[in-house]
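A.B. asks: The sequence shown runs 6 to 119 under our numbering. For glycine and all other residues, C-beta sits at the position ideal for the given N, C-alpha and C. Remember, it's a predicted structure, so these values are computed and weren't measured experimentally.
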Amino acid sequence: MKMEKVGELAFLAVVVIAVLAGLLQASTAWVTVLLVLLGLVVGFLNVSEKETAPFLIASIALVVAATATFSSIDTVIGGLGTIIDTILNNVATFVAPAAVLVALKAVYTLASKK
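(1) Less than 8 angstroms between the CB atoms is what I'm expecting for Ala15 and Leu43, so what's the real figure, rounded?
(2) On the criterion of 16 or more Cβ atoms from any shown chain inside 10 Å, does Thr74 qualify as buried, or is it exposed?
(3) Sorted by chain position, which residues of the same chain lie with C-beta nearer than 7 angstroms to Ile88's C-beta, five sequence neighbours on each side aside?
(4) Less than 8 angstroms separating the beta-carbons of Ala71 and Ala97?
(5) According to DSSP, is Val125 helix, strand or coil?
(6) Would you mind reading off the limits of the alpha helix (DSSP H) that contains Ile65?
(7) Go ahead and label Ser77 buried or exposed: buried means 16 or more other beta carbons lie within 10 angstroms of its beta carbon, across all protein chains shown.
(8) Per DSSP, what kind of secondary structure is Ile82 in: helix, strand or coil?
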C-alpha cells in the first residue's frame, strides 16, 4: 500500500472517530491518544512541501473554530451544541499535532536552504 493511501485512510478514520465520539460523547484518553497518533501520521505522510502553507492556514482555522463554544445551541436543540463542541475539539486534537509536525518540517526546509 502506498504511503499516501495510508495517510488518506488515517484522515478518513479521524473524521469518523471525531464524529462518532462527538455523537456518543465518548471523550476518553484513548480517543485523544488515537487522534494525536493519526494526526502525526497524516502530518508526516500526507502534506507535501507545496501543500504546507494551505494546510497550516486550514489548521489554524480549525483550531480557532474549536475554541468557540456552541453550547448555547443546547437551549434551542438539546445537546446539539455540546455535540458540535466535542466534534470540533476532536478535530482540533487531530489537527494540532499534524500542524506542529508540518510547521517543523517547513522551518527545517527554510533553515536548510542556502
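C.D. replies: Working from what's here:
(1) 5 angstroms
(2) exposed
(3) Gly27 and Leu28
(4) yes
(5) No statement about residue 125 is possible, as the shown extent of the chain runs from 6 to 119 and does not include it.
(6) Thr57 to Thr72
(7) exposed
(8) coil
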